[in-house]
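In our numbering, the protein residues as written are -7 to 336. Backbone N, C-alpha and C define an ideal beta-carbon position, used for all residues, glycine too. Data block below; observations after.
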Amino acid sequence: MNLISRCAFLVIVSAMAFASCGPQPSPAPSSQATWALAIHGGAGHFGEEDLTAAQEEAYEAALSSALELGQALLDDGAPAVDVVEQVVRLLEDDSLFNAGRGAVFTSEGTHELDASIADGATRNCGAVTGLQGFRHPISVARLVMDSSEHVFFSGHGAGVFAEGQGAESAPAGWFDTDKAYRRYRRAAERAGDTPVPLEEKRGTVGCAALDVHGNLAAATSTGGMTYKRHGRIGDSPIVGAGTWADNRTCAVSATGWGEYFIRTGVTQDIHGRMLHGGQSLREACEGAIFDEMGALGGDGGVVAVDAQGHVELVFNSTGMFRAQALKTGDRVDREVAMFGPYQP
Ligand code: ASP
């Protein structure tokens, strides 16, 4: 049994290290956190029996690498908005995940990529949907935020904008992987049985961060859902459904069945519960996931941080690839986990 990937995993960097089986409560800072970082690699209905030991190790390694990159940037004083972009870029290049390289196929056998980024300091955001041929959709979303007077571009126009900004293109075939193609073929054989079964919907990537300057940011990137119809837009590129950041409340990235996240505006719901309802980050995430999105029949989860450095990883699916790190003083707490059920 691979202890690291089957158990919630905490490391205290001050030399003490331990691991324990079963879900662990999210680290909560005893005093104001120096920085905080939360990452996901998708949610879905999967358990230990669905992954081989080698697959678990691969996911654990990928999530750990993403944590390490984010930690290093945050320790250097990088702005949260740069950190979430860089972490998501790393995951977009990893074919394990359904974002960038490794993205799922549409029903037409193409890749239509979605991404969004939100900066809690400025309450600005940028997003793209149906993007084709660019290696890092999250960086195109960042360009939309920083270099246009708009916040959201789609399809052909998104590509024209990306090209005009000099975004890195990707050669034909860059996004294709055998795993995604097999899922596509399975879905094609069942054509008509839409939406695609729950176990096929995982691998979206996202990150939320609080930096040493007290600023929050979040980013999300995905290929969407296997065998999605041409032009279908999920929650990931929609700020307020899949992504949110506001220094007054929280930074959130979501993953799951996008239609339900859009119908209940999950990430903005979390913000509103905190801002107007006085809820804690945990209460707000649980309310949005279980009482609203889940109550309609949707499934998935969120990773979230607040301005005090609380971190929450909340999901109603059976699993969510997730990781978090929290620095308080000289101490760093880390966790990498995959399986559920969610326990506060
Ligand atoms: N939320 C994504 C979408 O619906 C999929 C996922 O997160 O698994 O496009």
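Residue P229 holds the alpha-carbon nearest to the alpha-carbon of A210 among H222, P229, T218. Beta-bridge annotation (DSSP): F307 is paired with G293. Secondary structure of D261 (DSSP, three-state): helix.
Contact between the stretch 235 to 251 and the stretch 288 to 298 is established, with three or more Cβ pairs separated by less than 8 Å.
If only complete runs of 3 or more residues are kept, the stretch 144 to 215 shows the beta strand (DSSP E) at 144 to 146, 197 to 202, 208 to 214, in order along the chain. Counting C-beta atoms within 10 angstroms of its own C-beta, G216 has 16 or more neighbours from the protein chains shown and is therefore classed as buried.
Taking 7 Å as the cut-off, the beta carbon of C277 is found no closer than this to the beta carbon of E251.
Closest by C-alpha distance to G289, out of G270, S309, G206, E275, is S309.
Apart from sequence neighbours up to five positions away, the residues of its chain that approach G125 with a beta-carbon distance below 7 Å are G151, S161, A162, ordered along the chain. Within the stretch 228 to 278, the complete alpha helix (DSSP H) segments at least 4 residues long are 250 to 255, 258 to 267, 273 to 278, listed from N- to C-terminus. The C-alpha of E84 is placed about 6 Å away from the C-alpha of R93. Selection N116, E275, M312, Y176 evaluated against W249 yields M312 as nearest (Cα-Cα). Every alpha helix (DSSP H) of 4 residues or more that sits fully in the stretch 30 to 101 is shown, in chain order, as 45 to 67, 72 to 84. T102 is the residue among T102, E141, A159 whose C-alpha sits nearest the C-alpha of R224. DSSP places G125 in the coil class of the three-state scheme, outside both helix and strand.
Distance from the Cα of G165 is smallest, within the candidate group H268, F97, G69, for F97. If you check the C-beta of T247 against ligand 1, you find a heavy atom less than 6 Å away. With 16 or more other Cβ atoms inside 10 Å of its own Cβ, S108 counts as buried. With 16 or more neighbouring CB atoms inside 10 Å of its own CB, T214 falls in the buried class.
In this chain, F282 is not harboured by any beta strand (DSSP E), its DSSP state being neither H nor E. When C-beta atoms of the stretch 38 to 53 are compared with those of the stretch 176 to 185, fewer than three pairs fall below 8 Å, so the two segments do not count as touching.
DSSP places A119 in the strand class (E or B) of the three-state scheme. In this structure, the CA atom of Q335 is about 16 Å from the CA atom of H37.
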